[in-house]
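Here the structure comes first, spelled out in structure tokens, and everything after it is commentary.
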Amino acid sequence: MSDHPSSIGAHPAYTDARICTYSTRIRAQPSPNRHHLVGNDHHQSSPIITSPYPTITKRNHTIREGKINMVRLTPPSPHATQHTSARRRAFGVIASVAAIVMALSACGSGGTSTNAANANGANGSSSRTTLKWEASGEVTTMDSGKTYDTISGEAVGFFAEPLYRQDSNGDVTPALAKSLPKVSEDGLTVDVTLRDGLKFSDGSPLTASDVVYGVRRVVDPATGSQSAKNLNYIKNATEITAGKLPVDQLGIKAVSDTQVRFTLTSPNPYITQLLTDTLLSPVKQSFVEEKGKNYALNADSLLATGPYKLADWNGTNVNWKYVKNPNYWNAKNVHFKEIDVSVVKDAASKVNLFESGQIDGVHITGDYIKQYQGKKELVTVPSLRATNLELGISSNKNLQNLNLRKALSLAIDRKQLASAILNGEATPAVGVIPNGIAKNPENGKSIAEDWGNLAPTDKDKAKTLFKKALSELGTSSVKFRLVTSDDDQSKKIGQYLQAQLQDTLPGLTIDVASVPSSVRFEEMMSYKFDLALGGWSGTWDPTSYVQQHETSYEHNHSQWKSEELTELVNDLNTKDGTDFKLRWQHLKEANQYLIDNQVVIPLVQASNSYLVNPNLTGYVTSSLGGTIDPALAKFN
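Numbering of the sequence shown is given in the UniProt record's numbering, commencing with residue 1 and proceeding in unit increments.
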């Protein structure tokens, strides 16, 4: 997911022991319906997990104080299970990771609270039925089939229920599904059984046919979803999005009112994780057709399938709310009657609102992180989100010069950006694929250890290449416009890049334009820009980080064209299957290709810091960028 977001158990041959994922848990409350849920033929029961959702077995890797515990990219034991995010984007993953999501981590323990209103006043009362939340930017869409940015993906996650959700231990729990998916022996067929008696928020029945329609709608070219290619793992999805096959040929069907069958393009080792995506949320066909072009443009033109219904949203406003959905299958465990959301961009305003008890959680950056160190309100969450400097190669002829692109990358001091500018809330990027998402299946080395640092700083070489580029372009100077979002952290990064590049490369001028995030997304998706501060949270499959730059992908913002990269991505999505040695090699080659051609400039992997009402418990966040599960949240 762009700037994500968008977040388990599986067939033993396809578990997430091959990827490094993490989730944190804070003071989860005992659930009245907690119990074992016996697995299918491929699963064993395991220790009970505290959660309002039925519990599935724990993953075969562990969490230690919010830190990622990496595991090899190899098949686990036959008794292992896994997890994923409620959205790729959930979901997904992640501007400075959308602050609409609050993290749970052990990092904020200890210290004395300075927030009397939050800690002791009405804001901390267990009788409170309204949660007050912050979003770090404007929502671009509330259509679950069209979300592509972190902020929108997380906003949709409050009312669009996926088939599976991530619990507070990072394990998958069935959501609309009543048990883990059953994967065929050849890995090509996946059966999902829905709960009995599911309903949309209007009280009408929700069946497997609604799941089928919702998924078909995403890949239908008429929908215009910018996330359609995220479903290429489903048979015929690629051909349908290209207009070569009718949508009814998609590899999904309703076997009965409660059983959905997916047919895959090839065995996919991350299939259970992928089924947590809200792109797969059911949609009522008759309602969509009734609303026509107005579908999802405001709160009245949407139906909910999740814990809450959207309210008071007109399509552009920066304040909206969610109200409890009485027809939600797990409504008895939804503790808030209402969640009020406000877009807040100014860092000082965020802290003031939090300190005065007017908001229960905000994303913070910079000096505020230092100010709250050691205090219980501060929680910090590592992330697999890649923050990049994206290049408008197709729209600016100067950027078509490779030496110029490489000079830009070499001129940036990522260590200083991570430590001094982001106050340690990030680590320097080492390539396009984030370090920590996987390990070499043969030697257990991380990406950084195995592939080396492919995003170094070398200012002398940058100057040499820049001079060469100017000569090749026949000019003495170049000027670029850098577009960023208008939140404080994005502005700060933009200003840092401007200073670094201009100081290191005489003859280069950078004009920074800080605009609302929705405007930045729109500009990047038009493919008409010079430079843009962007990011990618991908899916649980590391392939998504390189697939973003593949020729036909909607989020190939540079519009880079390459048969070589397309072939590598196609192999990763089809031929490689569960051959993890081959997958690792192709991931390495794709990552190296993107760096060699400097299609994008990796900057940092950001962590995320939040101020959270210390009495709020039971919400979760994933390493793809941070997503809240509102059904689990309540005041202690």
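Idealized CB from N, CA, C, for every residue including glycine.
Could you tell me the distance, in whole angstroms, from the CA atom of Asp210 to the CA atom of Gly137?
31 Å
Pairs of beta-carbons, one from the segment 511-519 and one from the segment 491-499, closer than 8 Å: are there three or more?
yes
Could you name the residues of the same chain whose beta carbon sits closer than 7 Å to that of Gln358, not counting the 5 residues immediately before and after it, in chain order?
Lys132
Please give the ranges of any beta strand (DSSP E) in the segment 415-492, keeping only runs that are unbroken, at least 3 residues long and fully inside the region.
Listed in chain order, the complete beta strand (DSSP E) runs (minimum 3 residues) inside the segment 415-492 are 426-428, 478-485.
Does the count of Cβ pairs from the segment 184-201 and the segment 291-305 closer than 8 Å reach three?
yes
Using the beta-carbon count (16 or more within 10 Å), is Thr509 buried or exposed?
exposed
Can you check the segment 563-620 for any alpha helix (DSSP H) of at least 4 residues that lies completely inside it and give the ranges in chain order?
Listed in chain order, they are 563-573, 580-596.
Out of curiosity, what's the CA-to-CA distance linking Val255 and Asp596?
47 Å
Taking only three categories from DSSP, how would you classify Tyr322?
strand
So, Glu472 versus Asn401, is the Cβ gap smaller than 8 Å?
yes
Beta carbon of Val183, beta carbon of Val190: below 8 Å?
Contact flag set, yes.
What does a CB cutoff of less than 6 Å around Leu188 pick up in its chain, not counting 5 residues either side in sequence?
Leu264
By Cβ distance, which residues of its chain are closer than 8 Å to Thr566, with the 5 residues on each side in sequence left out?
Glu550, Thr551, Ser552
Count the C-beta pairs between the segment 440-447 and the segment 420-428 that are closer than 8 Å, then say yes if the count reaches three, no if not.
no
Using DSSP with H/G/I as helix, E/B as strand and the rest coil, what is Lys146?
Correct three-state label for Lys146: coil.
Are Leu417 and Val600 close, meaning C-beta to C-beta below 8 Å?
no
Residues in its own chain within less than 8 Å of Thr129 by CB, not counting five upstream and five downstream?
His335, Phe336, Lys337, Glu338
For Lys235 and Ser562, I'd like the C-alpha separation in whole angstroms.
If I take the Cα positions, the gap works out to 24 Å.
With DSSP as the reference, label Gln166 as helix, strand or coil.
Looking at Gln166 - three-state DSSP - the assignment turns out to be strand.
Should Lys575 be labelled buried (16 or more other beta-carbon atoms within 10 Å of its own) or exposed?
exposed
In the structure shown, what three-state DSSP assignment does Leu194 receive?
strand
Mapping the DSSP letters down to three states, classify Ala347 as helix, strand or coil.
helix
In the DSSP output, which residue or residues are listed as bridge partners for Arg261?
Asp191, Lys253
Ignoring anything shorter than 3 residues, give me the beta strand (DSSP E) runs that lie fully in the segment 274-333, in order along the chain.
308-311, 319-324
Would you say Leu280 and Val215 are within 8 Å of each other, going by their C-beta atoms?
For Leu280 and Val215, yes; Cβs fall inside 8 Å.
Between Lys321 and the rest of its own chain, which residues show a CB-CB distance below 7 Å, the 5 nearest in sequence each way excluded?
Ala311, Asp312, Glu338, Ile339, Asp340, Val341
Distance check for Thr578 and Gln273, CA to CA, integer angstroms please.
15 Å
Counting only runs that start and end within the segment 494-570, where is the alpha helix (DSSP H) found for 4 or more residues in a row?
517-525, 543-547
So the candidates are Glu161, Trp584, Ala135; which of them puts its Cα closest to the Cα of Thr150?
The shortest C-alpha separation from Thr150 is found at Ala135.
Please state if the CB of Gly507 and the CB of Leu470 are separated by a distance shorter than 8 Å.
yes
Cβ atoms of Val432 and Ala386: under 8 Å apart, would you say?
Yes; because the gap between Cβ atoms is below 8 Å, this pair is in contact.
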